[in-house]
Amino acid sequence: MFALLHRIFILCRKELLAILKDPSSRIVLIMPVFIQSFLFGYAATYDLTNAPYAVLDQSRSAVSTELISKLESSGVFHRVANLTSEHEIAEAIDSGEALLVLQFGPSFAEDLYAGKEVDLQVILDARNSNSAGSAAAYINAIVASFNQQWRQSHGGGAPALSIEARSWYNPNLETRWYFMPSMIASLAFLQTLMLTALSVAREREQGTFDQLLVTPMSPAEIMIGKAVPPIMIGLVQSTIVMMVTLHWFHVPMAGSFISLYLGLIFFMISCVGVGLAISALSANMQQAMFYAFMLSMPLMLLSGLATPVRNMPMPIQILTYANPLRFAIDLIQRVYLEGVSLMTVWHDLVPLFVIAALTLPWAAWLFRHRLV
Amino acid sequence: MNAAGSAVQVQGLHKQFLDKESGRTIVALRDINLAIPAGTISAFVGPDGAGKTTLLRLLAGLLRVETGSIEVLGVDAKRDPQQIQDRISYMPQRFGLYEDLSVQENLDLYADLHGVGAQARVERYARLMEMTGLAKFTERPAGKLSGGMKQKLGLACTLVRSPELLLLDEPTVGVDPLSRVELWEIVEQLRHDEHLTVIISTAYLDEAERCAQVYVMHEGEVLAHGTPQALSDHARGRCFMARSPSKQPSRLLQSRLLDADDMVIDAVPQGGDVRFILNEQTQSDALCLRKILDGARVEEVSPRLEDGFMVLMRAKLHHDKGETDASLAAVSLSKSVTGADACGGAARDEVMIEVRDLVRKFGDFIAVNSTSFAVRRGEIFGLLGPNGAGKTTTFRMLCGLLPATSGFLQVAGVNLRTARANARRRIGYVSQKFSLYGNLSVKENLEFFGGAYGLRGQRLRQRIATVTEQFELHGLERTPSGHLPGGFKQRLAMAVGLLHEPDILFLDEPTSGTDPLARREFWRRITALANAGVTVIITTHFLDEAEYCDRIVIQDAGELKALGTPREVWVQAGHSATSPLNMEKAFIDIVNQARQSAQRNDKEVASA
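So the sequences go chain by chain: A and B.
Sequence positions in the first sequence follow numbering that gives the first Met the number 0 and run 0 to 371.
Sequence positions in the second sequence follow numbering that gives the first Met the number 0 and run 0 to 607.
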């Protein structure tokens with residue numbers, strides 16, 4: 000038993016030495032993760048700030064002015080133009096100058112005072128559906144609060160039932176809160192996959208794999224020795240992203256570190272399994288690199304990071320069951336933001352476990368049986 | 000100056016490089032003077048790191064001339080390297096063939112690159128195809144050619160235009176003897192037909208012997224130059240053959256002679272006898288020498304280029320080190336002396352490797368066909384054959400790296416492929432290509448592989464110290480192994496292979512591309528190991544090395560063609576048992592006989 004552990008230990012040490020000895024490869028493993036976490040934290044956001052809008056106020060009333068000032072004071076919108084006729088609406092939207100145009104009809108104020116139902120026309124540039132959707136939601140919220148105030152101050156009976164939406168876990172609907180915890184898994188995922196995909200392929204290409212196979216080490220030992228170092232490096236990378244999320248972007252963490260790291264370890268094992276299988280299958284580094292690239296893009300897209308899995312067509316939803324990232328993102332978001340325990344997200348652990356249980360032994364079998 | 004017929008004139012050439020790792024300057028060439036006559040073949044010979052490649056690259060106008068002058072075809076290389084490149088052809092050690100392109104596509108590509116016109120192409124291709132014998136294979140991807148054919152294609156691509164000077168950097172490394180002969184025929188024909196000047200660098204001294212002029216290089220200097228005859232004369236009167244009366248393998252006498260390094264400069268087995276060179280002070284009838292020879296009959300022979308080369312090298316090393324040539328003789332042979340006794344008698348008869356009807360197919364292709372042999376403890380067993388003969392496939396099956404399609408296979412009593420991992424502890428493996436971790440240091444590699452074989456703690460430190468001493472790797476412990484010079488890489492690979500004291504050592508082409516000095520040193524170690532009871536399986540391209548082996552097999556096209564002691568194989572090749580051995584000839588005869596009879600069979604089948 001001791002001899003076995005010792006062999007695995009020296010293999011891991013060799014792998015780490017081979018990866019980390021070169022100063023440039025140390026930088027490649029650390030710096031991009033750092034830069035990417037800041038980049039995604041700042042750049043990848045669906046939040047609306049400074050949305051440009053234009054107004055066509057045909058009623059020129061105190062009420063319309065009041066509503067506009069409510070809009071202005073929200074901090075979300077800023078006015079770029081005051082239109083004078085309906086012909087100018089298309090121009091303002093098409094040029095991209097305004098994301099939306101607010102049109103108050105000529106009888107807006109009169110109808111309102113008369114207690115009639117009044118339409119407020121909002122024209123949105125839906126070419127960017129995300130921004131348009133958020134803008135519409137903001138306008139709705141502002142109008143709703145206006146309605147309420149109006150009814151209170153001008154009678155009209157009890158205020159009508161109004162929808163009061165409150166978002167949980169991300170009360171301000173900040174995408175950063177949603178994005179950054181996902182990054183803890185995804186950023187490490189890319190490099191772990193690449194690192195392991197190259198590991199066996201490099202040794203095969205350089206002939207060192209034969210030298211390894213003639214030693215008394217068994218394929219299982221080699222597999223473990225090859226798997227542990229990338230998992231360690233992946234965990235370090237995840238920790239970096241987590242530190243940036245926690246201490247720079249101040250996204251509060253609700254769950255426990257232990258649950259988070261246990262989940263991450265499960266995730267890394269399944270990633271390394273996929274990576275090693277790719278590596279054992281490839282004849283050389285070029286092939287391994289190609290497979291890893293080919294896989295990483297769809298795995299990212301189908302992870303639910305950019306678009307919800309439940310919106311995908313059924314066959315693709317089924318495909319995502321082979322995607323460790325999908326479950327890791329769900330797991331980490333829930334542990335990080337909701338603070339649930341691993342027991343609650345056991346259904347995320349099962350697919351990760353199954354992926355690892357299939358890919359790792361397959362890779363180990365391929366070590367000796369793949370003929371190059 | 001050119002009227003005198005010099006194709007190349009070099010005067011006072013120095014070249015140095017800056018080593019980025021250490022920040023030191025390395026002198027690659029110092030005070031080189033050359034005068035190469037037009038229309039001749041000249042050779043640069045010398046150990047690894049002698050500066051042969053650097054010199055060729057300077058002549059090709061690929062490196063900048065800093066100190067000294069180079070004139071190639073009357074053009075100053077400092078002023079107009081482009082013009083030189085337009086008029087010469089240079090084939091580097093690793094020629095850039097595109098492996099996925101066919102033979103024809105490779106030729107076309109190089110013709111396009113050199114701007115050879117359509118008309119000129121037709122004639123040139125026809126001639127190149129005829130010379131290289133590649134006409135049958137024009138559609139085959141270059142990657143699917145054998146090593147020898149690849150080199151021929153490389154040469155053909157180099158020659159798509161008619162150069163005035165041809166520079167070849169070790170063109171025959173890793174090429175089997177048959178292909179070597181063919182390559183040389185092409186070069187000589189070109190010199191004859193086109194009055195081409197050829198400069199070739201080589202590690203094979205028998206090749207250099209065919210050249211008009213030979214430059215012996217060592218650590219950036221030209222030690223001597225002249226005709227092969229003149230260089231051989233450095234050893235005149237000092238070369239002898241010793242015929243051992245007993246049935247002992249000649250390598251035993253050889254290692255005794257080498258041990259007497261105060262008298263003997265060099266000793267190699269040749270034709271079943273031992274060829275040795277005495278130093279200047281020693282007489283052939285000296286008393287202490289007679290004791291070593293132990294009744295062997297001695298006669299003086301005329302020197303070869305290799306003898307002259309060895310004398311020059313020894314004198315140089317002696318001069319540099321101020322003591323006996325450490326690089327050769329320091330091999331601690333305590334093992335060879337005591338080892339011979341330690342492992343005698345019954346143990347020697349133990350069968351270590353047994354192979355019966357071994358077959359390996361790749362799809363329809365039969366790489367190895369019903370091969371059988373057995374190897375006993377302490378034997379040196381050689382697998383010989385041309386490229387693609389099935390040597391490496393056989394070798395990989397023995398090591399357990401490749402499953403056999405059918406047949407029986409046992410190494411140290413087990414099949415390594417299916418045996419428990421521990422059985423592999425009994426074998427050591429040194430592959431053809433350097434296959435240790437290049438960015439790990441010498442010490443880290445030793446520690447890793449030692450650990451992989453279950454050595455640790457005190458025992459590991461002890462073994463590392465022993466092999467470091469044995470293979471003279473002191474002072475290099477912290478050097479990344481990928482940065483070691485070729486000869487040292489090979490020593491490190493051997494050190495790793497022997498770290499765990501295996502019973503059986505597998506060596507795949509260990510001497511390919513190494514210079515004569517390094518090869519001597521290598522074989523000293525191997526014979527010492529065999530004497531100590533280690534079984535050695537070795538594949539080699541160097542036919543003269545077959546004589547170090549106790550027994551050999553010759554394979555061709557997957558078939559076992561001959562098996563036995565070198566002498567027995569010589570007889571199987573159709574020669575008389577008493578005539579002097581020439582393994583290269585035996586090999587070529589056996590392979591040719593086999594191929595001819597195969598062709599006859601094909602014809603009979605076709606006509607039937």
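Glycine included, each C-beta is placed from N, C-alpha and C at the ideal position.
As the structure is a computational prediction, the values presented were derived from the model and not from experiment.
Query                                                                                                                           : Result
Residues of its chain near G381 (chain B), where Cβ-Cβ distance is below 7 Å and the 5 sequence neighbours each way are ignored : I537, T539, A545, C548, I551
Best match in B:Q282, B:A529, B:G481, B:T39 for proximity to E500 (chain B) [C-alpha to C-alpha]                                : B:A529
Local Cβ density within 10 Å of L332 (chain B), reported as buried at 16 or more and exposed below that                         : With a pLDDT of only 38 at L332 (chain B), under 50, the local geometry of the prediction cannot be trusted, and the value read off the model is given with reservation. Classification for L332 (chain B): buried.
Assigned exposure category for L112 (chain B) - 16 Cβ within 10 Å defines buried                                                : exposed
Spatial neighbours of K77 (chain B) in its chain, beta-carbon cut-off 6 Å, leaving aside the 5 residues before and after        : V64
Within chain B, partners of D209 (chain A) - CB distance below 9 Å                                                              : R395, C398, L400, Y428, S430, S434
Chain-ordered chain A contacts of G450 (chain B) [CB-CB under 9 Å]                                                              : H5, R6, F8, I9, L10, R12, K13
Stretch-stretch touch, CB-based, cutoff 8 Å, three pairs: the region 590–597 of chain B with the region 416–426 of chain B      : no
DSSP three-state assignment for R594 (chain B), whether helix, strand or coil                                                   : helix
Buried versus exposed call for T417 (chain B) [16 or more other C-beta atoms within 10 Å across all chains shown]               : exposed
Nearest residue (CA-CA) to G225 (chain B), options B:A259, B:A42, B:S101                                                        : B:A42
Beta-carbon neighbours of R423 (chain B), restricted to chain A and to distances below 8 Å                                      : V213, T214, P215
Residue burial classification, Q219 (chain B) (beta-carbon count within 10 angstroms, cutoff 16)                                : A small fix is needed here, since residue 219 (chain B) is Gly in this sequence, not Gln. It counts as buried.
Nearest neighbour of T466 (chain B), chosen from B:G453, B:L497, B:Y436 [CA to CA]                                              : Looking at the sequence shown, residue 466 (chain B) is not Thr but Val. Of the candidates B:G453, B:L497, B:Y436, the one whose C-alpha sits nearest the C-alpha of V466 (chain B) is B:L497.
Cutoff 8 Å: K20 (chain A) Cβ touching any chain B Cβ                                                                            : yes
With 16 other Cβ atoms within 10 Å as the buried cut-off, status of D543 (chain B)                                              : buried
8 Å contact criterion, which A125 (chain A) and A200 (chain A) should meet: CB distance rounded                                 : In fact, because the Cβ distance is near 46 Å, the residues do not count as touching under 8 Å.
Cross-chain neighbours of R296 (chain B) in chain A, by beta carbon under 8 Å                                                   : Here the premise fails: no neighbours, minimum Cβ distance about 44 Å.
S72 (chain A) and F107 (chain A) closer than 8 Å at C-beta                                                                      : no
Contact with chain A by G406 (chain B), beta-carbon distance below 8 Å                                                          : no
Contacting residues, own chain, Cβ-Cβ under 7 Å from N322 (chain A) (five flanking each side not counted)                       : L298, L301, S302
Beta-carbon proximity of L491 (chain B) to L472 (chain B), cut-off 8 Å                                                          : yes
Strand pairing of L166 (chain B), partner residues [DSSP]                                                                       : B:Y89, B:I198
Residues bridged to P479 (chain B) [DSSP beta-bridge criterion]                                                                 : B:S440
Short Cβ contact (8 Å threshold) for L357 (chain B) with V367 (chain B)                                                         : yes
Counterpart residues of H217 (chain B) in DSSP-defined beta bridges                                                             : B:E220
Boundaries of the alpha helix (DSSP H) in which D530 (chain B) is found, first to last residue                                  : It should be noted that the sequence gives Asn, not Asp, for residue 530 (chain B). Its alpha helix (DSSP H) spans residues 515–530.
Residue range of the unbroken alpha helix (DSSP H) whose run includes C11 (chain A)                                             : 1–19
At least 3 beta-carbon pairs within less than 8 Å: the region 266–276 of chain A vs the region 209–219 of chain A               : no
CB-CB length for I40 (chain B) against A211 (chain B), believed under 8 Å                                                       : 6 Å
CB contact check: L197 (chain A) to chain B, cutoff 8 Å                                                                         : no
Simplified DSSP assignment, three categories, for S145 (chain B)                                                                : coil
Pick from B:R209, B:E298, B:G270, B:K151 that is closest to A609 (chain B), judged by C-alpha positions                         : One cannot answer for residue 609 (chain B) here, as it falls past the ends of chain B, which runs 0 to 607.
Near-chain B residues of the region 119–138 of chain A - C-beta to any C-beta below 9 Å                                         : none
Own chain, CB closer than 8 Å to F352 (chain A), minus 5 neighbours either side, in chain order                                 : F265, S269
Three or more C-beta pairs below 8 Å linking the region 352–370 of chain A and the region 274–291 of chain A                    : yes
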